[in-house]
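First to last, the protein sequences are chains L and W. Convert by adding 217 to the 1-based position in the first sequence; the result is the number in this note's numbering. Convert by adding 217 to the 1-based position in the second sequence; the result is the number in this note's numbering.
2 protein chains.
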Amino acid sequence: MVSSYYAGEPEAPVLKTDIPGPKSQEHIAKLDKVFDTRSLNMLADYTKSFGNYIVDPDGNALLDVYAQIASIPLGYNNPALVKAAQSPEMVNAIINRPALGNFPSHDWAEILETGLLKVAPKGLNQVFTAMAGSDANETAYKAAFMWRRQRERGGPSVEFTEEEMESAMRNQSPGASQLSIMSFKTAFHGRLFGSLSTTRSKPIHKLDIPAFDWPQATFPQLKYPLEEHAEENAKAEADSLAEVEHLIKNYHIPPCAIIVEPIQSEGGDNHASPAFFRGLRALTKKHGVLLIVDEVQTGVGATGKFWAHDHWDLPDPPDMVTFSKKAQTAGYYFGNPELRPNKPYRQFNTWMGDPARAILFRAIIQEIERLNLVENTAKVGDYLFGKLEGLAKKYPGQFENLRGKNRGTFIAFDNPNRDEFLKKAKKFGINIGGSGANAVRLRPMLIFEKQHADLLLAALEKIVQS
Amino acid sequence: MVSSYYAGEPEAPVLKTDIPGPKSQEHIAKLDKVFDTRSLNMLADYTKSFGNYIVDPDGNALLDVYAQIASIPLGYNNPALVKAAQSPEMVNAIINRPALGNFPSHDWAEILETGLLKVAPKGLNQVFTAMAGSDANETAYKAAFMWRRQRERGGPSVEFTEEEMESAMRNQSPGASQLSIMSFKTAFHGRLFGSLSTTRSKPIHKLDIPAFDWPQATFPQLKYPLEEHAEENAKAEADSLAEVEHLIKNYHIPPCAIIVEPIQSEGGDNHASPAFFRGLRALTKKHGVLLIVDEVQTGVGATGKFWAHDHWDLPDPPDMVTFSKKAQTAGYYFGNPELRPNKPYRQFNTWMGDPARAILFRAIIQEIERLNLVENTAKVGDYLFGKLEGLAKKYPGQFENLRGKNRGTFIAFDNPNRDEFLKKAKKFGINIGGSGANAVRLRPMLIFEKQHADLLLAALEKIVQS
Chain L
218 MVSSYYAGEP EAPVLKTDIP GPKSQEHIAK LDKVFDTRSL NMLADYTKSF
268 GNYIVDPDGN ALLDVYAQIA SIPLGYNNPA LVKAAQSPEM VNAIINRPAL
318 GNFPSHDWAE ILETGLLKVA PKGLNQVFTA MAGSDANETA YKAAFMWRRQ
368 RERGGPSVEF TEEEMESAMR NQSPGASQLS IMSFKTAFHG RLFGSLSTTR
418 SKPIHKLDIP AFDWPQATFP QLKYPLEEHA EENAKAEADS LAEVEHLIKN
468 YHIPPCAIIV EPIQSEGGDN HASPAFFRGL RALTKKHGVL LIVDEVQTGV
518 GATGKFWAHD HWDLPDPPDM VTFSKKAQTA GYYFGNPELR PNKPYRQFNT
568 WMGDPARAIL FRAIIQEIER LNLVENTAKV GDYLFGKLEG LAKKYPGQFE
618 NLRGKNRGTF IAFDNPNRDE FLKKAKKFGI NIGGSGANAV RLRPMLIFEK
668 QHADLLLAAL EKIVQS
Chain W
218 MVSSYYAGEP EAPVLKTDIP GPKSQEHIAK LDKVFDTRSL NMLADYTKSF
268 GNYIVDPDGN ALLDVYAQIA SIPLGYNNPA LVKAAQSPEM VNAIINRPAL
318 GNFPSHDWAE ILETGLLKVA PKGLNQVFTA MAGSDANETA YKAAFMWRRQ
368 RERGGPSVEF TEEEMESAMR NQSPGASQLS IMSFKTAFHG RLFGSLSTTR
418 SKPIHKLDIP AFDWPQATFP QLKYPLEEHA EENAKAEADS LAEVEHLIKN
468 YHIPPCAIIV EPIQSEGGDN HASPAFFRGL RALTKKHGVL LIVDEVQTGV
518 GATGKFWAHD HWDLPDPPDM VTFSKKAQTA GYYFGNPELR PNKPYRQFNT
568 WMGDPARAIL FRAIIQEIER LNLVENTAKV GDYLFGKLEG LAKKYPGQFE
618 NLRGKNRGTF IAFDNPNRDE FLKKAKKFGI NIGGSGANAV RLRPMLIFEK
668 QHADLLLAAL EKIVQS
């Protein structure tokens, strides 16, 4: 029942105390004095966690299908990553952190080519590195604004006017452009000021924070099972695309780019069909608007392809694809050379990413390839989805709107008592997360196998029975 | 002539080729295919760099008084940091990266208390961790907006209204607050959308990027030497404070916080007196506006005190102090419990910082304390400043507006041919940076000693003679 990839995993969850147990409670009380612990889910002892199992200071070992909000790709204390972390190259990257835009290391091109760029989405051969999902998206937005204004200005060689330079310093147009980024309702793209202006997940994410007056289109609200609602769903997608086109043409602050998640994750695991995304690509091409695909949560294998947008069979690639989480590093890929700003220092900051994390991602990529983990995830996902369909039939109302078919282990369902469901899961040895209002989202690692799926399924059944 | 702290430094700069030499050129050509190299200053081989010296692939070793835009505290390949980077604790933090808000490690409180919080500014005993300077400032802004709206609402227990929740989702007020952050002209606070709205350094940093309509006050433009312009300078500071108060009272989008750098760094090394900052603290207190001190570049010892605002003798601490760069990790310190948002998940993101970098900062702090490096920096800075005064007299017009007296090695001067000056410096074995329009800024590491200062001074003299 243990991992067939790495020796050392427990055979099954181990429950020694309630969670949090007495030792965890002690640590939490100490932590609360200096750090906000109200969003704390459980305390972990990462020195003892291994593979698919997260272990706490009281010795409880839970099968972890939340995986640090979908950001652990290859399990805790992965031996191949231990080796990468102990390498002289990593030590060097940790202690000699460069200002990458000014003083890159002699091997930075090689680190990029054998790592980040080796898995670049088809058609995109360049990368701008960042720190996390929010600034990956925001730097992509900045590239989009510069690209659009450059076209309006008449090309890269046209100089800024005095008026532009002077007004930019006052945060006024024309220097500060009157352009927008369009996003979708229930989208999540981050929580800094630009990214939060495109995030439309929940009020608690946005309240009190000033926001840009940017447009939002309705994301298609599909009905499940998809086969039974084909016509309605096609109409919902067509309506959404019509709204997108209307907003492109009429919004009072014109969008220069649209950002979309392949599967809206924080917003509740909302899917749309490949045809919808092909339609979005066609529309954006038609109107000269950039398409940014936010693969922060969907990227790096979890959907059964390396990038979730690989499922769409696009005739033209997205203009930019952003990533973070399982990649451990962040940034955006692009292909069009016009997306390089026309002058240096327009897209710049001190660190511009972190070579240490880029080196780690390279080791992750090597391990994913060596063990065919994307294929594994596709296969295990299919198995898991089939079994969940069975549970959905057996327990009506408990596994509603099951979604994520053919999307690897990126699976979700709705439960009427979702928050209680998540809490109960711990009592049955499972660490699991939610998304949106009612969704239980599965975000196992890429080393999640059939035997782990069976443990998970048994626990899910116990939760709804209890 | 070598470091008295660590064995292994070159005795002096080594120049083997022009920079970039043939090997560097090869690497740069390769890198340019996948990464924007137009802001590249020099390529480095960090495996060969040591202490105060940055080494390139052609074997050139430059005395580095720019230090990755002021972000290397203890020299390249510092042995104490090698040890920290090789520790099992670091390896664990690298490969098992937690979602800190949900699943902190059992020892996170201890890592904070023995590291980040050990050097917390006086009066501030809590920290919110972030990734870099920009998001450190932006999360501080978010805390400020939430704090102000909470006060306006009537306290932490007053619930959001339906109208607030609904309008927030549309990026409209009252949910998205109509409040602002005030900053100063020529300030630099980062380049994401919120931080860039407070950055007022140069048009190239801001052009084409949408910005919030937030207020800016004039930063006092002091004349040097300070002793000779005491009256004018006092008036400039009084005028600035009057403008601040006017904007607090009258700006059409009221500021809930003011952010200020102790020394405006990117903007040209602009100083103001402790009295000015005490005045700013008094004004902000009087009007219920928060004072955020941005110590991203000035923090961690370079000014001869651990935090630059320690020079001000403030009767009340700042409300928040942000940090990054030399700390290797980032975030904001605060003390007032009201600055913790009233509900969980209001200030939150997946990683919320990086324990690996927090562990590194702890090792940096230990080394700073063991070797008294803040004291060293104060002493060496005084020596360097005195010698620079001599050069300024000897070469009129070449070391104009010398500034940074009693501010450690955080020293700058203006040169009429600044860009050429910086380029020439490499030919004399020095890596040095600029700021603002004409300033040469010195940003040596904390292990910069008298013997390094002498090498630097000799090179500076050769530059202006050549």
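Heads up, the beta-carbon is just placed ideally off N, CA and C, and yes, glycines get one too. Fair warning: this is a prediction, and the values are worked out from it, not measured in the lab.
CB contact flag (residue i, residue j, <8 Å)
i        : j        : result
W/ILE628 : W/PHE665 : no
W/THR435 : W/GLU454 : no
L/VAL657 : L/ASN623 : no
W/ASP533 : W/LYS503 : no
L/SER266 : L/ASN294 : yes
W/LEU350 : W/VAL513 : Sequence inspection shows Gly at residue 350 of chain W; the Leu mentioned does not correspond to that position. Yes, they are a contact pair.
L/PRO296 : L/MET662 : no
L/TRP431 : L/ILE398 : yes
L/GLY332 : L/ILE509 : no
L/GLU228 : L/SER220 : no
L/GLY625 : L/ALA544 : no
L/ALA326 : W/VAL251 : yes
L/GLY552 : L/ASN342 : yes
W/ALA316 : L/SER288 : yes
W/VAL597 : W/LYS667 : yes
L/ALA654 : L/ALA353 : no
W/PHE429 : L/PRO535 : no
L/LEU608 : L/LEU677 : yes
L/LEU409 : W/GLU444 : no
Residues near residue i by beta carbon distance below 7 Å, same chain, minus five either side
i        : result
W/LEU260 : PRO237, SER241, HIS244, ILE245, ASP273 and PRO274
W/TYR283 : ASN648, ILE649, GLY650 and ARG660
W/ALA301 : MET307, ILE576, LEU577 and ALA580
L/ALA359 : In the sequence under discussion, the amino acid at residue 359 of chain L is Lys, which differs from the Ala named in the question. For L/LYS359, where only same-chain residues beyond five positions count, the Cβ hits under 7 Å are GLN564.
W/TRP529 : PRO491, PHE494 and ARG495
W/GLU555 : TRP364
Proximal residues to residue i (C-beta, below 8 Å), its chain only, five neighbours per side dropped
i        : result
L/GLU383 : GLY392
W/ASN180 : Outside the displayed span of chain W (218 to 683) sits residue 180 of chain W, for which this structure offers no information.
W/LEU458 : PHE493, GLY496, LEU497 and LEU500
L/LEU396 : PHE362, ARG365, ARG366, ILE470, PRO471, PRO472 and CYS473
W/GLU606 : LEU619
Whole-angstrom C-beta distance between residue j and residue i, which should lie under 8 Å
i        : j        : result
L/ASP511 : L/HIS406 : 6 Å
W/MET307 : L/ILE311 : 7 Å
W/PHE685 : W/TYR549 : For chain W, the structure presents residues 218 to 683; residue 685 of chain W sits outside this window and is missing.
W/SER482 : W/SER652 : 6 Å
W/GLY484 : W/THR539 : That belief does not hold up - the Cβ atoms of W/GLY484 and W/THR539 are roughly 16 Å apart, past 8 Å.
L/GLN285 : W/ARG314 : 7 Å
W/LEU280 : W/LEU672 : 6 Å
L/GLU617 : L/PHE630 : 6 Å
Nonlocal neighbours in the same chain, by C-beta distance under 6 Å from residue i, ignoring five residues either side
i        : result
W/SER394 : PHE362 and ARG366
W/THR515 : PRO479, ILE480 and ALA525
W/LYS679 : PHE645
L/LYS604 : LEU674
Restricting to runs no shorter than 3 residues, where is the beta strand (DSSP E) found entirely within the region 606 to 652 of chain L?
617 to 620, 628 to 631 and 650 to 652
Runs of beta strand (DSSP E) wholly within the region 547 to 615 of chain L (minimum 3 residues, chain order)
547 to 551
Which runs of the beta strand (DSSP E) spanning at least 3 residues fall entirely within the region 307 to 393 of chain W, listed in chain order?
343 to 347
Looking at C-beta atoms only, is the number of pairs between the region 437 to 447 of chain W and the region 407 to 417 of chain W that lie closer than 8 Å three or more?
No, the region 437 to 447 of chain W is not in contact with the region 407 to 417 of chain W.
Using a Cβ distance threshold of 8 Å, determine whether the region 636 to 645 of chain L contacts the region 517 to 531 of chain L, with at least three qualifying pairs required.
no
Runs of alpha helix (DSSP H) wholly within the region 255 to 295 of chain L (minimum 4 residues, chain order):
284 to 287
Go through the region 412 to 445 of chain W residue by residue and report every complete run of the alpha helix (DSSP H) that reaches 4 residues or more, in order.
420 to 423
Which ranges would you report for the beta strand (DSSP E) in the region 479 to 558 of chain W if only whole runs of at least 3 residues count?
Listed in chain order, the complete beta strand (DSSP E) runs (minimum 3 residues) inside the region 479 to 558 of chain W are 507 to 511, 537 to 540 and 547 to 551.
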